[in-house]
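Enquirer:
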Amino acid sequence: MGTSCHAQFGSRQIIDQNSGTVRMVRTADFDQDGALDVAVSSFDRIALYKNLDGLGTFSAPISIQEGKKQSFSLFPADIDNDGKIDLAVSFFDDDEVVWYRNLGNGTFSALQLISNNLLRAAGITGADLDGDGDLDLVLGVSNGNGLYWVENLDGAGTFSSRITIDANISQARTQAIGDIDGDGDMDILTNSVGSAYLSWFENVDGLGDFNEQHIIDPIGLYENSLSLVDIDGDNDLDIVSQKTDLVIWRENLNGLGQFDYYNIISNEALNIFDTTSADLDNDGDVDVLSASTDDNKIAWYRNEDGMGGFGPQNIIDPNLQSPRTVHAADLDNDGDLDILSAALSNQNRELVWYENLTILGVEGSELETNVTLYPNPVINTLQLNTQEKTIDQINIYTITGSNVLQLEVNTVSPTVDVSSLAAGVYYVQLYSGKKVALKKFIKE
Numbered sequence: 001m002g003t004s005c006h007a008q009f010g011s012r013q014i015i016d017q018n019s020g021t022v023r024m025v026r027t028a029d030f031d032q033d034g035a036l037d038v039a040v041s042s043f044d045r046i047a048l049y050k051n052l053d054g055l056g057t058f059s060a061p062i063s064i065q066e067g068k069k070q071s072f073s074l075f076p077a078d079i080d081n082d083g084k085i086d087l088a089v090s091f092f093d094d095d096e097v098v099w100y101r102n103l104g105n106g107t108f109s110a111l112q113l114i115s116n117n118l119l120r121a122a123g124i125t126g127a128d129l130d131g132d133g134d135l136d137l138v139l140g141v142s143n144g145n146g147l148y149w150v151e152n153l154d155g156a157g158t159f160s161s162r163i164t165i166d167a168n169i170s171q172a173r174t175q176a177i178g179d180i181d182g183d184g185d186m187d188i189l190t191n192s193v194g195s196a197y198l199s200w201f202e203n204v205d206g207l208g209d210f211n212e213q214h215i216i217d218p219i220g221l222y223e224n225s226l227s228l229v230d231i232d233g234d235n236d237l238d239i240v241s242q243k244t245d246l247v248i249w250r251e252n253l254n255g256l257g258q259f260d261y262y263n264i265i266s267n268e269a270l271n272i273f274d275t276t277s278a279d280l281d282n283d284g285d286v287d288v289l290s291a292s293t294d295d296n297k298i299a300w301y302r303n304e305d306g307m308g309g310f311g312p313q314n315i316i317d318p319n320l321q322s323p324r325t326v327h328a329a330d331l332d333n334d335g336d337l338d339i340l341s342a343a344l345s346n347q348n349r350e351l352v353w354y355e356n357l358t359i360l361g362v363e364g365s366e367l368e369t370n371v372t373l374y375p376n377p378v379i380n381t382l383q384l385n386t387q388e389k390t391i392d393q394i395n396i397y398t399i400t401g402s403n404v405l406q407l408e409v410n411t412v413s414p415t416v417d418v419s420s421l422a423a424g425v426y427y428v429q430l431y432s433g434k435k436v437a438l439k440k441f442i443k444e
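Sequence positions in the sequence shown follow the UniProt record's numbering and run 1 to 444.
Put into structure tokens, the structure is as follows:
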């Protein structure tokens with residue numbers, strides 16, 4: 001009965017069967033109950049799904065905004081410094097960026113305008129750009145020229161008029177913020193679809209003066225998703241992005257923002273719409289995820305040596321119709337990062353998540369038939385059922401991988417006495433011949 005250090009993901013779990021045309025999904029604890037909730041932007045709605053039990057059981061959609069058309073970007077953050085996570089949103093058709101104040105318990109105010117007359121408002125992200133301890137925002141546009149930032153004047157969400165970073169950059173749709181040159185302040189990485197290059201703007205004084213542009217790639221046309229992370233473990237920020245059918249990364253060669261030519265992580269995805277970076281296998285380095293629309297695939301790529309040497313593509317879902325977004329977050333509070341995405345096709349518009357089983361380091365995959373277990377949570381006796389497959393062996397593990405119970409059985413519906421286990425989260429591993437399944441349960 002083997003072990004594995006690779007991330008293993010469970011089957012697709014549906015949050016919403018008909019979530020609309022979701023373009024971006026993000027997570028935060030909006031209702032302050034200790035569990036990560038899900039916020040989505042779509043064609044005609046901004047919605048919240050509350051994590052009801054901290055284990056990935058979600059509410060029906062709660063509308064934050066309806067009636068405004070096409071939002072491609074949202075950014076959760078504590079904008080007004082009151083300890084609650086607010087939400088900033090760009091609206092493409094309305095040419096504006098707004099924010100919604102979190103009033104408590106995951107309820108939100110009406111929209112508050114940040115900036116308008118942005119020709120097809122696109123990317124929105126934030127950080128403390130001027131060193132005054134509050135959250136400022138960077139604004140991009142999809143169809144026009146210009147890259148901007150707005151200052152949070154009072155730390156409570158009163159924003160300045162937009163400040164021009166570059167008036168001529170064309171279609172700067174996506175941005176990422178980080179200390180690219182290692183001088184202690186926040187710089188801005190951006191694409192430019194119209195100008196066809198990838199570049200970064202240096203915060204030259206730490207106060208938000210971004211007058212030095214550094215061209216990274218003069219033909220960065222299709223790099224529509226960007227993240228700044230330390231891929232190679234040398235304590236500076238590298239770039240993860242994509243070019244059409246390539247997942248790529250660029251090394252920050254000197255820690256000062258000089259980047260090499262891109263390194264290919266994978267060429268096995270078709271029309272990559274989104275990438276993101278996170279430690280998916282809990283080995284201390286940063287792995288990469290992709291969502292690709294022409295092959296309907298969610299996949300991840302393991303950073304095998306912690307230095308940017310990536311292994312082969314690992315497919316999480318081979319048939320999620322036309323996904324436009326992918327996001328990593330711990331949805332079930334078990335200490336590892338699960339995956340969120342959404343289908344966006346005329347036939348299928350599901351909002352979904354996939355459980356990460358890595359925390360165990362234990363072999364597991366789905367049996368051909370469904371496995372059910374109940375009650376869950378359980379106090380004394382756990383009932384298992386595989387419908388028709390005979391179970392040969394049962395192992396129970398803690399979330400850290402300790403084997404606390406092992407049973408030899410020969411039935412399709414075994415019962416397990418768990419009364420002696422301490423309260424907490426456990427995994428039950430079932431063997432049927434050469435097939436294995438892994439399921440989570442709560443002991444009360």
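For every residue, glycine included, the Cβ atom is placed at its ideal position computed from N, Cα and C.
As the structure is a computational prediction, the values presented were derived from the model and not from experiment.
Give the secondary structure of threonine 358 by DSSP, where H, G and I count as helix, E and B as strand, and everything else as coil.
Expert: helix
Enquirer: For isoleucine 264, which residues from the same chain have a beta carbon less than 8 Å from its beta carbon, with the 5 sequence-adjacent residues on both sides left out?
Expert: Leu246, Val247 and Ile248
Enquirer: If I measure Cβ to Cβ from aspartate 187 and keep anything under 6 Å in the same chain, skipping five residues before and after, which residues do I get?
Expert: Ile180, Trp200, Glu202 and Asn203
Enquirer: Specify the secondary structure class of glutamate 368 as computed by DSSP and reduced to three states.
Expert: With a pLDDT of only 42 at glutamate 368, under the threshold of 50, the placement of this residue in the model should not be trusted; the figure read from the coordinates follows. DSSP places glutamate 368 in coil when its eight states are reduced to three.
Enquirer: What number of angstroms, rounded off, separates the C-alpha of leucine 357 from the C-alpha of proline 375?
Expert: 21 Å
Enquirer: Going by beta-carbon coordinates alone, are aspartate 86 and alanine 121 separated by less than 7 Å?
Expert: no
Enquirer: Determine, using beta carbons only, whether glycine 131 and glycine 206 come nearer to each other than 7 Å.
Expert: yes
Enquirer: Should lysine 434 be labelled buried (16 or more other beta-carbon atoms within 10 Å of its own) or exposed?
Expert: Here lysine 434 is exposed. Its C-beta has fewer than 16 other C-beta atoms within 10 Å.
Enquirer: Is there contact between the segment 415 to 431 and the segment 303 to 313, where contact requires at least three CB pairs shorter than 8 Å?
Expert: When C-beta atoms of the segment 415 to 431 are compared with those of the segment 303 to 313, fewer than three pairs fall below 8 Å, so the two segments do not count as touching.
Enquirer: According to the Cβ coordinates, are isoleucine 396 and valine 428 closer than 7 Å?
Expert: yes
Enquirer: Assign glycine 56 to buried or exposed, taking buried as 16 or more other Cβ atoms, counted over all protein chains shown, within 10 Å of its Cβ.
Expert: Buried is the label assigned to glycine 56, since at least 16 other Cβ atoms lie within 10 Å of its Cβ.
Enquirer: If you pair each beta-carbon of the segment 51 to 71 with each one of the segment 133 to 147, do three or more pairs fall below 8 Å?
Expert: A contact between stretches requires three or more CB pairs, one per stretch, nearer than 8 Å, and the segment 51 to 71 fails this requirement with the segment 133 to 147.
Enquirer: Assign glutamate 350 to one of two classes, buried (16 or more other C-beta atoms within 10 Å of its C-beta) or exposed (fewer than that).
Expert: buried
Enquirer: Buried or exposed: threonine 174, going by 16 or more other Cβ atoms within 10 Å of its Cβ?
Expert: Answer is buried; the Cβ neighbour count reaches 16.
Enquirer: Return the residue from the list Thr21, Leu198, Leu226 and Gln213 that minimises the CA-CA distance to isoleucine 219.
Expert: Checked all of Thr21, Leu198, Leu226 and Gln213; the closest Cα to isoleucine 219 is Leu198.
Enquirer: Can you give the Cα-Cα distance for serine 345 and serine 19, rounded to whole angstroms?
Expert: 11 Å
Enquirer: When you compare each of Leu280, Asp78 and Leu289 to alanine 269 by their alpha carbons, which one comes out closest?
Expert: Distances from the alpha-carbon of alanine 269 to those of Leu280, Asp78 and Leu289 put Leu289 closest.
Enquirer: Below 8 Å on the Cβ atoms is my guess for glutamine 242 versus threonine 275; work out the distance and round it to an integer in Å.
Expert: 5 Å
Enquirer: Using the C-alpha atoms, what's the distance from tryptophan 353 back to isoleucine 14?
Expert: 7 Å
Enquirer: Quick check on the DSSP output: the beta strand (DSSP E) that includes residue 447 runs from which residue to which?
Expert: The chain is shown from 1 up to 444; residue 447 falls before or after that span and cannot be answered.
Enquirer: Hey, phenylalanine 159 and isoleucine 114: beta-carbon distance below 7 Å or not?
Expert: Taking 7 Å as the Cβ cut-off, phenylalanine 159 and isoleucine 114 qualify as a contacting pair.
Enquirer: Might you give, ordered along the chain, the residues of its own chain that have their beta carbon closer than 8 Å to the beta carbon of leucine 373, omitting 5 neighbours on each side?
Expert: Leu382, Gln383, Leu384, Asn385, Val428, Lys439 and Phe441
Enquirer: How would you write the range of the beta strand (DSSP E) that threonine 125 sits in, first residue to last?
Expert: 121 to 127
Enquirer: Our contact map puts isoleucine 79 next to leucine 118 with C-beta atoms below 8 Å; I'd like the distance itself, whole angstroms only.
Expert: Actually they do not touch by this definition, with Cβ atoms about 18 Å apart.
Enquirer: Just verifying my parser: in three-state terms, what is the DSSP assignment at glutamine 32?
Expert: Correct three-state label for glutamine 32: coil.
Enquirer: Can you check whether the CB of glycine 54 is closer than 7 Å to the CB of alanine 39?
Expert: no
Enquirer: Three-state secondary structure (DSSP) at alanine 328?
Expert: Note: alanine 328 maps to strand in three-state DSSP.
Enquirer: Give me the Cα-Cα distance between serine 292 and aspartate 16, rounded to the nearest whole angstrom.
Expert: 20 Å
Enquirer: Using the C-alpha atoms, what's the distance from aspartate 33 back to asparagine 254?
Expert: 42 Å
Enquirer: Going by alpha carbons, who is nearest to alanine 278 out of Tyr261, Asp294, Ala299 and Tyr262?
Expert: Ala299
Enquirer: Should isoleucine 379 be labelled buried (16 or more other beta-carbon atoms within 10 Å of its own) or exposed?
Expert: Around the Cβ of isoleucine 379, a 10 Å sphere holds fewer than 16 other Cβ atoms; the residue is exposed.
Enquirer: If you scan the segment 140 to 219 from start to end, which runs of the beta strand (DSSP E) of 3 or more residues do you find wholly inside it?
Expert: Whole beta strand (DSSP E) segments, 3+ residues: 145 to 150, 163 to 170, 175 to 178, 187 to 190, 198 to 202 and 212 to 217.
Enquirer: Is it buried or exposed for proline 76, if we count other Cβ within 10 angstroms and need 16 for buried?
Expert: buried
Enquirer: Compute the Euclidean distance between the alpha carbons of serine 4 and threonine 107, then round it to the nearest angstrom.
Expert: Bear in mind that a pLDDT of 38 at serine 4, under 50, signals an unreliable position, so the number given afterwards is only what the model happens to contain. If I take the Cα positions, the gap works out to 42 Å.
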